[in-house]
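So the sequences go chain by chain: A and B.
For the first sequence, my numbering assigns the number 1056 to the initial residue and increments by one for each residue that follows.
For the second sequence, my numbering assigns the number 1056 to the initial residue and increments by one for each residue that follows.
Report on one structure; see the data block that follows.
There are 2 protein chains.
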Amino acid sequence: MDYLSYFQDHRETHLAELKDWLRIPSISALSEHKPDMQRAASWLADKLTQAGLEHVEIHQTAGHPIVYADHLHAPGQPTVLVYGHYDVQPVDPLNLWDSAPFEPEIRNNKLYARGATDDKGQLFLHVKAVEAILKQEGKLPVNVKFCIEGEEEVTSPNLHPFLEKNAEKLAADAVLISDTELLGPDKPAICTGLRGLCSLDVKITTANTDLHSGTFGGGVPNALHALVELLASLHTADGKVNVDGFYDDAPELTPQMRQELARKEFDDEALKRELALDDLFGEAGYTYVERTGARPTLELNGVYGGFQGEGTKTVIPREAHAKITCRLVGRQNPQDILDKIERHLNTHKPTGAKLAVVQREKGNPFTIDPSLPILQKAADAFEEVYGTRPVFTKDGGSIPIVEAMARVLKAPVVLMGFGLPDENLHAPNEHFHLENFDKGLLTITRFLHTLS
Amino acid sequence: MDYLSYFQDHRETHLAELKDWLRIPSISALSEHKPDMQRAASWLADKLTQAGLEHVEIHQTAGHPIVYADHLHAPGQPTVLVYGHYDVQPVDPLNLWDSAPFEPEIRNNKLYARGATDDKGQLFLHVKAVEAILKQEGKLPVNVKFCIEGEEEVTSPNLHPFLEKNAEKLAADAVLISDTELLGPDKPAICTGLRGLCSLDVKITTANTDLHSGTFGGGVPNALHALVELLASLHTADGKVNVDGFYDDAPELTPQMRQELARKEFDDEALKRELALDDLFGEAGYTYVERTGARPTLELNGVYGGFQGEGTKTVIPREAHAKITCRLVGRQNPQDILDKIERHLNTHKPTGAKLAVVQREKGNPFTIDPSLPILQKAADAFEEVYGTRPVFTKDGGSIPIVEAMARVLKAPVVLMGFGLPDENLHAPNEHFHLENFDKGLLTITRFLHTLS
């Protein structure tokens, strides 16, 4: 049976299986979901076994488990390591979801659920592609390993040491990952750059208690005033990051790079309409595509302090909080950037405010040369299924483990993503266009064949 | 029996009764406590009846009930209207309370509970003082009316119209209120000024959904960036409110006023130690006492948006919120100030941000001349019980209904408070020093006698 027919015949079963997985709320950031992480890992291990993979192992870590499996019966052929993650982002604000995040629903040929596209849905394609080849042909054209983690959304604290320690076990000629995006329904893309990531928590305290704004108002520091003043100092009015030395290791764009990025033919007006935005906004002097793919950022992800309830509370809050992440490019080093931000915060701290900073994630930026043969083969597979040759892009997101894998395993990383830009990953109503579920299965199957 | 002995004999019973009242969580700002507001009003009505007052009525309103009672059997004598409130502030953050806010506890002769001093505890003194005189003497030296509301902490939306409509029923020669503070354990004070209050909610929205900070970061407006920039623009670095025309109707302090305020002999260093503050902070060019009593303020009471959970969420939030209150002095008009702030926010709104403002409370400032005979009589009563003549102060807090009562009833308002500045009103661990519970009963009893 040809693969198109095979995947059509098994479509209903495959989607039912994926929905089962999506029902498990495997939110890595929230400790209350620890048991769900174990369930999600076990579910995957079972599916890998059923698919015909061998040496299926669930490695416990200090955090969430890593799932390993392999099928090494193609002597003389290259080895491909498939990476992905079974953890998902938190789901708040819940009230903005049209259907419950962990009750998957198909509407208009789109599968709605947290993790539908990032990354359970995309990772699932690899399991089913390998299963299909084994069922149809009894063997694989290449050697395959799976290394799947549950901490991608919290920047892989345990996969990094696992990788270093098991470099031999994980050794491969190429790493294959589906956790990036197409440019549009019929515009495949291969990502050749990912931004790095670093994050920090900021806490401002003033008095040792909340104070009455009548009795004390005007006389004592207010933690919220101090925080908003401090946070506002992090950017200039024209959208540049205002931290000393922040841009030092971010390479200036060459005319050639700008030309390549312009090939994306991005429609600013369409995005504004889609997101109901009056204006786009960011670092002055760069296009939208440049700003989101090839320039670094500093973003406030959360700010909170004082009264959030109904009505009014005349309080001067004693503490206020902010959560900050940066996206990094080029030779920007996460530790160096975190230190520069912390220095800025200490220098700009307003009168009467005490500052506490917790540095969190640290992930390096990643780049790969699109002229490598394996990337050209990936482009061939896309072209056969989608009928159009993919564009080589730079993605604004961060998968810090990608850079680590390339570095530790000394192998090229093929970022072959099947998501779409409007699929609300990390936001309410995350979904996966099932057209790319179907095409993804075929593309991966095709790609594995081209490698032998 | 003299009143000192009477109140000592009844102390245990009185405190047990007050604790019962404090157990009712009558938080006016939270709609879930609507039934508790009814219970708290009924409790008070019962006590007024037991005390010997007549025409005890619970007036239902669009919000929480108003309790009325009177005792009008002193022909030819003046009429005193006692005002107070049985509603309390919200209690969050709960984790900072040493004992539960609605389980009253006495520790070191202090009564701990939400409402212990603001205002159930102080209001209760008037009920018991009137009861004591009636029990001891069979009649009151003056005519007395009680008008007690349950919406003071949300700026009395229903008492204002009630007052206008019932001006004749409530007519009095003086209004008596205990909802302010002593300067210290042995430093009584009579408040001759209260700041006005106005409040507003600010909401910033950007995109129609939360966005992934990798995919979109650097390219689109972030509601939190817009909000902190906007909020930071409301003050200058030296603590002045940066809104056009904000200070227009706030009178400059004369050398005489500054001298009067300096009589308070406030110890800045002691306050810093007590609140564990590195520095005091506020409008440049004024002392702490001037800033908190005689100068207007703009305070952030709450700011929130984006992720507040454990760990990191790489999100660009679509909305962000702030809650703001101002304290007003002199001829500052709450509506005018709200309009000026709204104009400022609209003018300074960052690129790509949509702004929504909800104007809330509007209360005028209040002042009274300390040389009025009734204020001198109140000072006499304090002096007899405390052994020292009270200072005439200006309080930074707001009881907007005070200005309305003075205006509508054309009567002087005597602000005879028994709280202390460190009693954590509007904050965790609110309490009432019971020494002033005892002295308060005597002072009120004495004052009512001096009026006849």
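C-beta atoms are modelled at their ideal positions from N, C-alpha and C, and glycine is treated no differently.
Nothing here was measured: the structure is a model prediction, and the numbers come from that model.
How big is the Cα-Cα spacing for residue 1111 of chain B and residue 1171 of chain B?
-> Residue numbering aside, residue 1111 of chain B sits at position 56 when the second sequence is read from its first letter. Residue numbering aside, residue 1171 of chain B sits at position 116 when the second sequence is read from its first letter. Taking the straight line from one Cα to the other gives about 24 Å.
For residue 1097 of chain B, which option in B:1083, B:1304, B:1308 and B:1120 has the closest C-alpha, if you only look at C-alpha atoms?
-> For the purposes of this step, residue 1097 of chain B is identified with residue 42 of the second sequence, where counting begins at 1. Ranking the options by Cα distance to residue 1097 of chain B, first place goes to B:1120.
Which ranges would you report for the alpha helix (DSSP H) in the segment 1451 to 1481 of chain A if only whole runs of at least 4 residues count?
-> 1455 to 1464
Under 8 Å between C-beta atoms, does residue 1380 of chain A make it to chain B?
-> The residue labelled residue 1380 of chain A in the question sits at position 325 within the first sequence. Interface residue, yes.
Can you name the start and end residues of the beta strand (DSSP E) that residue 1201 of chain A belongs to?
-> Counted from its first residue, the first sequence places residue 1201 of chain A at position 146. Residue range 1198 to 1204 is occupied by the beta strand (DSSP E) that includes residue 1201 of chain A.
Selection of the segment 1252 to 1268 of chain A by Cβ proximity to chain B, strictly under 8 Å = 1252, 1254, 1261, 1262, 1263, 1264, 1265, 1266, 1267 and 1268
Nearest residue (CA-CA) to residue 1392 of chain B, options B:1350, B:1086 and B:1299 | In the second sequence, counting from the first residue as 1, residue 1392 of chain B sits at position 337. Ranking the options by Cα distance to residue 1392 of chain B, first place goes to B:1299.
Figure out for me which residue from B:1446, B:1175, B:1500 and B:1328 has the closest Cα to the Cα of residue 1081 of chain B.
-> What you label residue 1081 of chain B is simply residue 26 of the second sequence in a count that begins at 1. For residue 1081 of chain B, the nearest C-alpha among the options comes from B:1175.
Measuring CA to CA, which of A:1274, A:1271, A:1239 and A:1389 is closest to residue 1305 of chain A?
-> Numbered from its first residue, the first sequence carries residue 1305 of chain A at position 250. Measuring from the Cα of residue 1305 of chain A, the nearest candidate turns out to be A:1389.
Apart from the five residues on each side of it in sequence, which residues of its chain come closer than 8 Å, Cβ to Cβ, to residue 1215 of chain A?
-> The residue labelled residue 1215 of chain A in the question sits at position 160 within the first sequence. If we look at residue 1215 of chain A and ignore the five residues flanking it on each side, its Cβ neighbours are 1456 and 1459.
Taking residue 1110 of chain A as part of the alpha helix (DSSP H), name the residues at either end of that continuous run.
-> Within the first sequence, the letter at position 55 stands for residue 1110 of chain A. First-last for residue 1110 of chain A: 1109 to 1114, but that is the beta strand (DSSP E), not the alpha helix (DSSP H).
Select from B:1480, B:1191 and B:1315 the residue whose C-alpha is nearest the C-alpha of residue 1448 of chain B.
-> The count along the second sequence starts at 1 and reaches residue 1448 of chain B at position 393. Of the candidates B:1480, B:1191 and B:1315, the one whose C-alpha sits nearest the C-alpha of residue 1448 of chain B is B:1315.
Where residue 1499 of chain B falls: helix, strand or coil (DSSP) | Within the second sequence, the letter at position 444 stands for residue 1499 of chain B. Reduced to three states, the DSSP call for residue 1499 of chain B is helix.
Using a cut-off of 7 Å between C-beta atoms, extract the partners of residue 1476 of chain B located in chain A.
-> The residue you call residue 1476 of chain B lines up with position 421 of the second sequence. Near residue 1476 of chain B (Cβ distances below 7 Å), the residues of chain A are 1270.
Proximal chain B residues relative to residue 1363 of chain A, where beta-carbon distance stays under 7 Å | Locating residue 1363 of chain A in the first sequence gives position 308, counting from the first residue. Going along chain B in sequence order, the residues near residue 1363 of chain A (Cβ under 7 Å) are 1357 and 1359.
Terminal residues of the continuous beta strand (DSSP E) containing residue 1161 of chain B?
-> Taking the first residue of the second sequence as position 1, residue 1161 of chain B is located at position 106. Unbroken beta strand (DSSP E) run through residue 1161 of chain B: 1160 to 1162.
Chain A partners of residue 1350 of chain B, CB-CB under 8 Å?
-> In the second sequence, the residue the question calls residue 1350 of chain B occupies position 295. Under the 8 Å cutoff, chain A gives 1273.
Should the segment 1401 to 1412 of chain A be called in touch with the segment 1355 to 1372 of chain B, which here means at least 3 C-beta pairs below 8 Å?
-> no
Measuring alpha carbon to alpha carbon, tell me which of A:1376, A:1126, A:1180 and A:1246 ends up nearest residue 1425 of chain A.
-> Numbered from 1 along the first sequence, position 370 holds the residue referred to as residue 1425 of chain A. Residue nearest to residue 1425 of chain A within the set A:1376, A:1126, A:1180 and A:1246 is A:1246 (criterion: CA-CA distance).
With 8 Å set as the bound, which would you pick, yes or no: does the beta-carbon of residue 1366 of chain A sit closer than that to a beta-carbon of chain B?
-> As a working note, residue 1366 of chain A is residue 311 in the first sequence. Yes, contact with chain B.
With DSSP collapsed to three states, give me the class of residue 1125 of chain A.
-> Numbered from 1 along the first sequence, position 70 holds the residue referred to as residue 1125 of chain A. Three-state DSSP puts residue 1125 of chain A in a strand.
Name the chain A residues that come within less than 8 Å of residue 1141 of chain B, Cβ to Cβ?
-> What you label residue 1141 of chain B is simply residue 86 of the second sequence in a count that begins at 1. Within 8 Å Cβ-Cβ: nothing; residue 1141 of chain B doesn't reach chain A, min ~17 Å.
Cβ neighbours of residue 1073 of chain B in the same chain (closer than 6 Å, five flanking residues each side left out) | Taking the second sequence and counting its residues from 1, one reaches residue 1073 of chain B at position 18. Closer than 6 Å at Cβ, skipping near neighbours: 1179.
Examine chain B for any beta-carbon lying closer than 8 Å to the beta-carbon of residue 1309 of chain A, and answer yes or no.
-> Within the first sequence, the letter at position 254 stands for residue 1309 of chain A. So no, residue 1309 of chain A is outside the interface.
Report the option in B:1504, B:1062, B:1468 and B:1066 whose CA atom is closest to the CA atom of residue 1232 of chain B.
-> The sequence position of residue 1232 of chain B within the second sequence is 177, counting from 1. Its Cα nearest to that of residue 1232 of chain B, the residue B:1468 stands out among B:1504, B:1062, B:1468 and B:1066.
Are the C-beta atoms of residue 1439 of chain B and some chain A residue less than 8 Å apart?
-> Here residue 1439 of chain B refers to the residue found at position 384 of the second sequence. The Cβ of residue 1439 of chain B sits no closer than 8 Å to any Cβ of chain A.
Residue 1380 of chain A burial status per 10 Å Cβ neighbour count (16 or more: buried) = Start at 1 with the first residue of the first sequence, and residue 1380 of chain A comes out as number 325. Buried, because 16 or more other Cβ atoms sit within 10 Å of the Cβ of residue 1380 of chain A.
Just the Cα atoms here: how many angstroms apart are residue 1488 of chain B and residue 1382 of chain A?
-> As a first step, residue 1488 of chain B is located in the second sequence; it is residue number 433 there, counting from the start. As a first step, residue 1382 of chain A is located in the first sequence; it is residue number 327 there, counting from the start. So the alpha carbons of these two residues sit roughly 54 Å apart.
Look at the alpha carbon of residue 1441 of chain A and the alpha carbon of residue 1243 of chain A, and state the distance between them as a whole number of angstroms.
-> Walking along the first sequence from the start, residue 1441 of chain A turns up at place 386. Walking along the first sequence from the start, residue 1243 of chain A turns up at place 188. For residue 1441 of chain A and residue 1243 of chain A, the distance between alpha carbons rounds to 7 Å.
Using a Cβ cut-off of 8 Å (strictly closer), state whether residue 1451 of chain A contacts chain B.
-> Position 396 of the first sequence, counted from the start, is the residue given in the question as residue 1451 of chain A. It does: the Cβ of residue 1451 of chain A has a partner Cβ on chain B nearer than 8 Å.
Pull up the CB-CB distance for residue 1429 of chain B and residue 1229 of chain B, whole angstroms please, since I reckon it's below 8 Å.
-> Taking the first residue of the second sequence as position 1, residue 1429 of chain B is located at position 374. Taking the first residue of the second sequence as position 1, residue 1229 of chain B is located at position 174. Their Cβ separation, rounded to whole angstroms, is 5 Å, which keeps residue 1429 of chain B and residue 1229 of chain B in contact under 8 Å.
Whether residue 1369 of chain A touches residue 1267 of chain A by CB criterion (8 Å) = Position 314 of the first sequence, counting from 1, holds the residue named residue 1369 of chain A. Position 212 of the first sequence, counting from 1, holds the residue named residue 1267 of chain A. Cβ atoms of residue 1369 of chain A and residue 1267 of chain A: closer than 8 Å.
Quick one, which of B:1502, B:1444, B:1366 and B:1474 has its alpha-carbon nearest residue 1253 of chain A's?
-> Here residue 1253 of chain A refers to the residue found at position 198 when the first sequence is read from its first residue. Ranking the options by Cα distance to residue 1253 of chain A, first place goes to B:1366.
Three or more beta-carbon pairs under 8 Å between the segment 1371 to 1379 of chain B and the segment 1325 to 1336 of chain B, yes or no?
-> No, the segment 1371 to 1379 of chain B is not in contact with the segment 1325 to 1336 of chain B.
Examine chain A for any beta-carbon lying closer than 8 Å to the beta-carbon of residue 1215 of chain B, and answer yes or no.
-> Looking up residue 1215 of chain B in the second sequence gives position 160. No, no contact with chain A.
Under a three-way DSSP split, which group does residue 1411 of chain B fall into?
-> What you label residue 1411 of chain B is simply residue 356 of the second sequence in a count that begins at 1. Of the three classes helix, strand and coil, the one that applies to residue 1411 of chain B here is strand, per DSSP.
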